[in-house]
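Asker:
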């Protein structure tokens with residue numbers, strides 16, 4: 191059972207990161223943008239059932255819950271803790287495929303491979319530290335389309351500073367003409 195090690199507020203005022211002592215996702219992050227997407231995942235379904243939850247993001251040893259404005263964290267956090275504490279650990283589990291819907295991205299595309307390496311090495315660890323992540327959902331020539339996950343999904347800085355930083359890193363490390371947009 192994952193036990194909560196720490197609860198961290200994120201730069202997104204509507205998202206909180208639960209740092210866990212055991213993993214809840216094996217291999218890939220799990221992103222649930224609504225209750226319907228969560229119907230086949232016991233933990234995500236239980237978190238949405240609490241109410242006021244608008245998205246759930248799980249990666250390794252953390253869960254990020256994003257809420258609506260209908261309830262404050264003081265009232266919501268005590269309701270979210272029991273389902274997390276009761277969830278089984280994913281330690282030793284077989285890695286699962288990603289749980290978000292996205293168009294097919296050609297993983298053999300050399301540009302996509304370069305971008306993924308830069309994302310994995312530099313950008314994703316920084317986003318995960320704040321309870322979020324991103325995925326590439328498409329590419330057209332030198333335009334790369336990303337989708338923010340977790341706390342990054344509705345964070346006000348995701349469309350400004352963070353996006354500009356990601357684009358700047360990719361331009362420096364991969365191609366100076368890359369344009370990054372969110373979808």
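Residue numbers (the working numbering): 191 to 373.
C-beta atoms are modelled at their ideal positions from N, C-alpha and C, and glycine is treated no differently.
Note that the structure is a prediction, hence the values are computed from the model and not measured.
Taking Cβ to Cβ, would you say residue 319 is nearer than 8 angstroms to residue 214?
Answerer: Contact: no.
Asker: Of the residues 240, 247, 259 and 297, which one's Cα is nearest the Cα of residue 269?
Answerer: If we check each option's Cα against that of residue 269, 240 comes out closest.
Asker: Which same chain residues, not among the five before or five after residue 251, have their C-beta less than 6 angstroms away from its C-beta?
Answerer: The answer, listed in chain order, is 210 and 213.
Asker: Could you spell out where the beta strand (DSSP E) holding residue 244 opens and where it closes?
Answerer: Here the beta strand (DSSP E) through residue 244 covers 243-249.
Asker: First and last residue of the alpha helix (DSSP H) that includes residue 354?
Answerer: From DSSP, the alpha helix (DSSP H) with residue 354 extends over 351-363.
Asker: In whole angstroms, what is the alpha-carbon distance linking residue 188 and residue 204?
Answerer: With the chain covering 191 to 373 only, the question about residue 188 has no answer from this structure.
Asker: Which residue marks the beginning of the beta strand (DSSP E) containing residue 207, and which one marks its end?
Answerer: Its beta strand (DSSP E) spans residues 205-210.
Asker: Alpha carbon to alpha carbon, what distance is there between residue 346 and residue 136?
Answerer: Lying outside 191 to 373, the shown extent of the chain, residue 136 is not represented and no answer is given.
Asker: State the Cα-Cα distance for the pair residue 367 and residue 301, rounded to the nearest angstrom.
Answerer: Distance between the alpha carbons of residue 367 and residue 301 is about 12 angstroms.
Asker: Could you work out which residue in 233, 310 and 295 is closest to residue 272 when comparing CA atoms only?
Answerer: Among 233, 310 and 295, the Cα nearest to that of residue 272 belongs to 233.
Asker: Report the rounded CA-to-CA distance for residue 202 versus residue 314, giving the unit in angstroms.
Answerer: Residue 202 and residue 314: Cα-Cα distance of roughly 17 angstroms.
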